Amino acid sequence: MDESNELMRQRKEKLSEIRKAGINPYPHKFTPTHTTAVIRKDFDKVDETPDETHRVTVAGRIMTKRDHGKSSFANLQDSKGQIQIYVRRDGVGAEPYLIYRRFDIGDIIGVSGVVFRTRTGELTILVDEVELLSKSIRPLPEKWHGLQDKQTRYRQRYADLIMNPDVKEVFIKRTQIVRAIREMLDAQNFIEVETPVLQPIYGGASARPFTTYHNTLDQQFYLRIANELYLKRLIVGGFDRVYEFSRDFRNEGMDRDHNPEFTMLELYQAYADYLDIMELTENLIAKTVEKLHGTTQINYQEKTIDFTPPWQRMTMIESIQKHADIDPESFSKHELYTTVVDAGIKLEGDESRGEIIAELFDVFVESKLDQPTIIYDYPIEVSPFAKKKPDNPDFVERFEFFMCGMEVGNAFSELNDPIDQRRRFMEQASKLEKGDEEAFMVDEDYLRALEYGMPPTGGLGIGIDRLTMLLTDQYSIRDVILFPQMRPES
RNA sequence: GAGCCGUUAGCUCAGCAGGCAGAGCAUCUGACUUUUAAUCAGAGGGUCACAGGUUCGAUUCCUGUACGGCUCACCA
Numbered sequence: 162m163d164e165s166n167e168l169m170r171q172r173k174e175k176l177s178e179i180r181k182a183g184i185n186p187y188p189h190k191f192t193p194t195h196t197t198a199v200i201r202k203d204f205d206k207v208d209e210t211p212d213e214t215h216r217v218t219v220a221g222r223i224m225t226k227r228d229h230g231k232s233s234f235a236n237l238q239d240s241k242g243q244i245q246i247y248v249r250r251d252g253v254g255a256e257p258y259l260i261y262r263r264f265d266i267g268d269i270i271g272v273s274g275v276v277f278r279t280r281t282g283e284l285t286i287l288v289d290e291v292e293l294l295s296k297s298i299r300p301l302p303e304k305w306h307g308l309q310d311k312q313t314r315y316r317q318r319y320a321d322l323i324m325n326p327d328v329k330e331v332f333i334k335r336t337q338i339v340r341a342i343r344e345m346l347d348a349q350n351f352i353e354v355e356t357p358v359l360q361p362i363y364g365g366a367s368a369r370p371f372t373t374y375h376n377t378l379d380q381q382f383y384l385r386i387a388n389e390l391y392l393k394r395l396i397v398g399g400f401d402r403v404y405e406f407s408r409d410f411r412n413e414g415m416d417r418d419h420n421p422e423f424t425m426l427e428l429y430q431a432y433a434d435y436l437d438i439m440e441l442t443e444n445l446i447a448k449t450v451e452k453l454h455g456t457t458q459i460n461y462q463e464k465t466i467d468f469t470p471p472w473q474r475m476t477m478i479e480s481i482q483k484h485a486d487i488d489p490e491s492f493s494k495h496e497l498y499t500t501v502v503d504a505g506i507k508l509e510g511d512e513s514r515g516e517i518i519a520e521l522f523d524v525f526v527e528s529k530l531d532q533p534t535i536i537y538d539y540p541i542e543v544s545p546f547a548k549k550k551p552d553n554p555d556f557v558e559r560f561e562f563f564m565c566g567m568e569v570g571n572a573f574s575e576l577n578d579p580i581d582q583r584r585r586f587m588e589q590a591s592k593l594e595k596g597d598e599e600a601f602m603v604d605e606d607y608l609r610a611l612e613y614g615m616p617p618t619g620g621l622g623i624g625i626d627r628l629t630m631l632l633t634d635q636y637s638i639r640d641v642i643l644f645p646q647m648r649p650e651s
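When the first sequence is numbered by the numbering used here, its final residue is 651 and no position is left out of the sequence of numbers.
Quick look at the structure:
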């Protein structure tokens, strides 16, 4: 970390020269009057004649420097973009000019001057005052190729953000997506809440948890894999519409669409069922896309995706019939099993019929769902918190939606029958005992809440990272998470 | 967890059928008051990821390790 090379030695020398000249290289405060973006907007019409009424003060990082004897051009980058500055010895004075010439690419400076246009038409600040705001002692990547190395980009996201404006844009869009969803939910009288990250019993999803330990309580805790059960406790408590952007943690592999910590929006709406939630989902996402892009059709990795509601809807069985060209309903359990195994998937052998059907879906269908598609009616065995279909107890009122081959969300008519829920918990508990690391424990307190009575409720979870990938055309989840999980540097 | 690929200057990358380590940008010195990948003249900068092995000699070949990328498996 403390590697020293010639470039850094030179910069540290300049730093002490600057100090010796009586200049504080790290002053406390500076007050810009403009950002580069505002300058571009407000001074769009200026010509080549400097005019005192076009005076601005801006702060930013020196990104390029073109010194020419007694004058110098540089590009200053602030949070909104870049602007060229033109510093002349005659403009700032001989002493300050000499100091300015010692500044490096990467230094953060503040300048005052008037906006004009050079004879090549470039909007430029003719500077008469320069102040060093922060001396940079580590060289930035070069200007032309920038920072490419993915490892460095993810580990040193700060350098990535300095060098690659597109990256910053992605994260601004991520914020806009979250804000758009929040505004829409708020407008529909949903209440945003916060629930525990540290949970004594994990649940609400099938995943291996991270464990941690509370010293004072002398007890093991889990980082939440979902916040589902807490939000439904709040529905019991009389909040009819709640949501939370929940950072969840799952102790599993990492790849293009999995990071150990990720963000999920979960929402619950009392007196709604999964059909209502389907409609809510389509609208929520279509409107978010429209707010971000001005249209509901966007490109993702060369494919055009149309979010305009209503989306295609298929039951899980129908989707398998269509994409796998087999009819699970007419297959015996053994035939289903053989089909999956023949596709090269390892099974334990003790899977239930429903689990095998879900496996068929994963293997044959999921990757083919490019356009937004709602797959509904899931086998009960893979859906321990969803309500059974009134006419078929083997299936539940659950849907997931997919786009570009990725699962983006999951929803159901919430199971509110405490007796049935206890039975489902017991099944999970026995799986856990048999060594299924993704099964979970009985949550007695959650059952107690259901016993008080939970209204019929529809619930929804949306993977915010994946949604952001789609809406910002990013191939990897690492490109929509500022600090993706990495192994420690040696 | 498995397979394939990668790791060379601050950055982006060449190179090496095994024989003194290369370029561009960046940096330093000098010239230059409208340049914008500024230009011109000169200079410095390397544990070739790490550890072993083969060899007279390894950055290059072999083995292992670390980290990363892609694909697959698991998962959302």
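Don't be surprised by glycine CBs; every beta carbon is placed ideally from N, CA and C.
These numbers come from a predicted model, not from an experiment.
Secondary structure of residue i, DSSP reduced to three states
i	result
LEU428	strand
ASP555	strand
VAL381	The residue you asked about is not Val; residue 381 is Gln in the sequence shown. Three-state result, GLN381: strand.
ASP634	coil
VAL403	strand
THR194	coil
ASP163	Confidence in ASP163 is poor, its pLDDT being 47 and thus under 50, which makes the residue's placement too unreliable to answer from.
ASP265	coil
ALA610	helix
VAL276	strand
LYS464	strand
ARG369	coil
ASP503	helix
THR442	helix
PRO540	strand
TYR498	helix
MET169	helix
MET475	strand
PHE525	helix
LYS452	helix
Straight-line gap, residue i to residue j (C-alpha atoms, nearest Å)
i	j	result
ILE625	ASP634	14 angstroms
PHE371	ASP409	10 angstroms
ASP640	SER295	29 angstroms
GLY566	TYR258	58 angstroms
VAL557	PHE351	25 angstroms
GLN309	SER528	30 angstroms
ILE506	GLU542	19 angstroms
ARG584	LYS329	48 angstroms
ASP347	TYR404	9 angstroms
GLU174	GLU167	11 angstroms
ASP321	LEU390	38 angstroms
THR218	ARG172	26 angstroms
ILE342	PRO579	32 angstroms
ASN655	THR457	No statement about residue 655 is possible, as the shown extent of the chain runs from 162 to 651 and does not include it.
PHE204	ASN571	49 angstroms
LYS393	PRO326	41 angstroms
ASP163	PHE332	Unreliable placement is indicated for ASP163, whose pLDDT of 47 sits below 50; no coordinate value is reported for it.
Residue i - containing alpha helix (DSSP H), residue span
i	result
VAL253	250 to 253
THR457	Careful: THR457 lies outside any alpha helix (DSSP H) and carries neither H nor E.
GLN532	Looking at the DSSP string, GLN532 is not in any alpha helix (DSSP H), and its letter there is neither H nor E.
THR336	326 to 348
LEU621	Run containing LEU621: none in the alpha helix (DSSP H); it sits in the beta strand (DSSP E), 618 to 624.
GLU389	389 to 397
LYS311	311 to 316
First and last residue of the uninterrupted beta strand (DSSP E) at residue i
i	result
ALA572	567 to 574
GLU290	284 to 295
GLN589	Unbroken run through GLN589 is the alpha helix (DSSP H), 579 to 594; no beta strand (DSSP E).
Assumed close pair residue i, residue j - CB separation to whole angstroms, cut-off 8 angstroms
i	j	result
ASP604	GLY364	5 angstroms
GLU256	GLY271	Not a contact, Cβ separation roughly 17 angstroms.
LEU284	GLN243	Actually they do not touch by this definition, with Cβ atoms about 10 angstroms apart.
LEU497	ILE517	5 angstroms
PHE601	GLN589	5 angstroms
ILE466	MET564	6 angstroms
ILE286	GLY267	With a Cβ gap of about 19 angstroms, ILE286 and GLY267 do not count as contacting.
GLY622	GLU427	5 angstroms
TYR537	THR476	6 angstroms
ARG369	ARG411	7 angstroms
VAL248	VAL288	5 angstroms
GLU213	ARG278	Not really, about 16 angstroms apart at Cβ, beyond 8 angstroms.
Sheet register partners of residue i (DSSP bridge)
i	result
ALA220	GLY271
HIS419	ASP416
LEU237	ILE223, ILE244
LYS181	BP columns for LYS181 are empty, so no partner.
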